[in-house]
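The structure appears below as structure tokens.
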Amino acid sequence: MKRLHVHVAVDDLDKAIGFYATLFGADPSVRHGDYAKWMLEDPRVNFAISARGAAPGVDHLGIQVEDEAELAAVAGRLKAAEQPILQQEGTTCCYARSDKAWAMDPQGIAWETFLTHGQSTVYGEDGVIAQLKATTACCAPEKAAVEPVAAAGKGCGCAA
């Protein structure tokens, strides 16, 4: 069963943890000096916050899957939405090891689908969303493989 993922950038992690712990009626299931996560069953959501210098607000949304078949299915739907896809395999992010596919919605909100393989002792690399925005603007990212949009230039105003 899939789980909605919401990641919010915050200015004050401790204050935000206090707010969300009260709202959800639960302490975070994962907590680090710059990050906290709740794996909630009601509602079924992976809700994460981080204080890593990003502008406060919704950082990205996603769908967490439980197996490779679900990952392929959701990544296929992202690709069918005719936006550039950024694929990552064996990446470390948010103190976890995962395979991922990223896309940007028409409003510029980053969406990821991911399959987590285990935990990590480090946060991992930032910058995926900036790479994705550059890809949407028809610039190739430096660190990840990007599949081109099905129709050349569609949605980004680039010449073929």
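The sequence shown begins at 1 in my numbering and counts up by one. Don't be surprised by glycine CBs; every beta carbon is placed ideally from N, CA and C.
- Two segments are said to touch when three or more pairs of C-beta atoms, one from each, lie closer than 8 Å; by this definition the region 73-81 does not touch the region 27-41.
- In the three-state scheme derived from DSSP, where H, G and I count as helix and E and B as strand, Ile49 is classed as strand.
- Taking the C-beta atoms as reference points, Thr116 is found nearer than 7 Å to Ser98.
- Taking the Cα positions, Leu4 is about 21 Å away from Ala51.
- In this structure the region 41-57 lies against the region 6-20, because at least three pairs of beta carbons, one per stretch, are closer than 8 Å.
- When DSSP states are grouped into helix, strand and coil, Ile109 belongs to the coil group.
- When secondary structure is reduced to three states using DSSP, Glu70 falls in the helix class.
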